[in-house]
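Notes follow the structure.
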Amino acid sequence: MNNLVFDSESLNHILEGKNVSNQEIIEIYHNAITDPNELFSTAQILRKKHKGNSVTFSKKAFFNIVNLCKDSCSYCTYKAEPGEEKLSLMSKQQITELLELAKKYRCVEALFVTGEQPEQRYQEASDWLKENGFTSTSEYLIHASEIALEKGLFPHTNAGNLNFEEMKELKKTNVSMGLMLENISERLTEKGMPHYLAGSKRPKARLEILENSGKLKIPMTTGILVGIGETIEEIIDSLLAIRDLHEKYGNIQEVILQNFQPKSDTRMKDEPSADEKYFKTIVALSRIMMPEMNIQIPPNLSPKSYQSFLSVGINDWGGISPLTPDFVNPEFSWPEIDKVDENSKNAEFDLKCRFPIYPEFFSFISKELQDKMEDIQNEEGLVKEEYWR
Ligand code: SF4
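Under my numbering, the first residue of the sequence shown carries the number 1237, and numbering increases by one thereafter.
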């Protein structure tokens, strides 16, 4: 390996698993801009060392519980307004029916997604909660999670900035939870920037929720959105913030790296998609910064090339649904699981199905929840092949 990207001292640091500093990472990024191959191969050495030749995914159903949202991010097409065709206000009956269908499809994860505290802004959301017998979205989510467990699916809730008590309650039924950091930059919340009209995306607010998840020992999924007008320094600061949280609490189970794709009905519709080489460089940098972390890219957002990310450091495809759309990116359908399997094999990786919690975090959840997973669990703590295939 010729050391154009790394000086020999930082390369040794990295391969020994020592933390690289902010300054070192910025230097590595700038050295790798013209030819990132050495960066990619180093990320791949670390990936193989810590994750072997497996790549995981979670077989899921996406429950679009309520897509009213009190915020307004410039890139978001998920959020609906009352009266819009895409508005979703799932009833208990609809949730139960979808859970039953998901079980027939042998899904493992019930992904519960909502907009940000919809009842604080929309009367329609309060009315919907009332009709179903609840006063808050989080109460409804607790109920939905209980039904999911009864039906044999494992809940993973991603409902924005929940407070400490709400998360504490949801921990009883959710094997993990999710909240994207998106980016730690205050600049991206200024006028004209993507998070200007999204109070919940203020970095301080997001970090507080992630801190709370650490205090509560919730296996947590977080991540960043790449290509929304950020600088590389802001990306690196965001990844370092995630690394710091994990060092403090040990509860970040995976980092999602999501590439921005413009949506035709949003304020950012004319912005370009995240550049693939830039995105791959960030994937590789993430592996170098967090060698043991589970690092995920969504395969549907790089439909033609997702398998090539296996050689820059990822070890997970995230949730893939055989029956529901990706409501956050509705124009990108999920690849078929068989196809992902074939593409992973062609790249010399074994596709394995995991629970919405990674095996190394099982000790974070109650014995009762752990026991529920036993029936369909193999000796690696993953889902038995005969169940998901
Ligand atoms: S990305 Fe989330 S917080 Fe932002 S508008 Fe969409 S649903 Fe609301």
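Heads up, the beta-carbon is just placed ideally off N, CA and C, and yes, glycines get one too.
Residues near residue i by beta carbon distance below 6 Å, same chain, minus five either side
i	result
Y1542	P1535
A1477	I1420
T1393	F1348, L1377, L1406, N1410, M1413
S1362	E1355
K1306	E1352, Q1353, Q1356, R1357
K1499	T1313
Contact set for residue i: own chain, Cβ-Cβ below 8 Å, skip 5 residues either direction
i	result
L1337	A1297, L1559
L1537	Q1494, N1495, Q1497, N1565, F1568
K1581	L1587
G1465	L1424, M1429, P1430, E1507
K1254	none
M1456	S1412, M1413, G1414, L1415, L1446, S1449, G1450, N1487, I1488, Q1489
Proximity test, residue i beta-carbon vs the ligand SF4 heavy atom, cut-off 7 Å
i	result
K1315	yes
S1308	yes
C1343	no
E1444	no
E1405	no
G1396	yes
S1436	yes
E1352	yes
C1589	no
Residues of its chain near residue i, where Cβ-Cβ distance is below 7 Å and the 5 sequence neighbours each way are ignored
i	result
N1579	Q1543
I1518	V1462, I1471, L1493
T1332	I1383
E1528	H1286
T1371	L1365
E1622	none
G1388	K1339
W1570	N1536, I1556, S1557, D1562
K1575	none
K1484	G1450
S1436	D1307, E1352, G1396, N1397
Q1606	F1598
Whole-Å CB distance - residue i paired with residue j, under 8 Å assumed
i	j	result
T1502	Y1311	6 Å
I1573	I1556	6 Å
F1597	M1609	Actually they are not in contact, since the Cβ atoms of F1597 and M1609 sit about 12 Å apart, beyond 8 Å.
G1450	L1481	6 Å
M1525	V1256	6 Å
W1624	R1342	6 Å
A1395	T1350	4 Å
N1397	A1441	6 Å
Sheet register partners of residue i (DSSP bridge)
i	result
Q1613	V1619
L1587	V1291
M1456	M1413, I1488
P1391	A1346
I1531	V1491
F1299	F1348
I1556	K1295
V1241	In the DSSP output, where bridge partners are listed per residue, V1241 has none listed.
S1308	L1433
E1418	I1460
L1325	V1302
Within-8 Å CB hit, residue i to chain D
i	result
I1556	Among the protein chains of the structure shown there is no chain D, as only one such chain exists.
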